[in-house]
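Notes to accompany the following structure.
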Amino acid sequence: MAGKEKKSFVLRIDGATYDALERWAADEFRSVNGQMEWIIAKALRDAGREKKVKEKKSGGASGEK
């Protein structure tokens, strides 16, 4: 993920939720932070709210692909 700026923020959750998240992350060989990123990215995709990726322009004069 070189070149992508990451934002930091504080997240407060109850201990039982954190413990469950920690076990889930360990099951998938991720850190808790990595698991949270994966969960959020999946939720955004599932909701159709992922960030838009700019389309590459073709070299044609009309701009058609």
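Residue 14 is where the sequence shown starts when you use the numbering used here, and the numbers rise one by one after that. Glycine included, C-beta positions come from ideal geometry on N, C-alpha and C. These numbers come from a predicted model, not from an experiment.
According to DSSP, is residue i helix, strand or coil?
| i | result |
| --- | --- |
| V45 | helix |
| D59 | helix |
| E18 | coil |
| I26 | coil |
Leaving aside the five residues before and after residue i along the sequence, list all residues of the same chain whose C-beta is less than 6 Å from its C-beta, in chain order.
| i | result |
| --- | --- |
| R43 | none |
Can you find the residues in the same chain that come closer than 8 Å, C-beta to C-beta, to residue i, ignoring five residues on each side of it along the sequence?
| i | result |
| --- | --- |
| L34 | I26, V45, Q48 and M49 |
| Y31 | V45 |
| W37 | Q48 |
Rounded to whole angstroms, what is the Cα-Cα separation between residue i and residue j?
| i | j | result |
| --- | --- | --- |
| K65 | A29 | 35 Å |
| K17 | K55 | 18 Å |
| A39 | G61 | 28 Å |
| D59 | I52 | 10 Å |
| V23 | E41 | 23 Å |
Please go through the same chain and pick out, in chain order, the residues whose beta-carbon is closer than 7 Å to the beta-carbon of residue i, but skip the five residues on each side of it.
| i | result |
| --- | --- |
| L57 | E63 |
| K20 | none |
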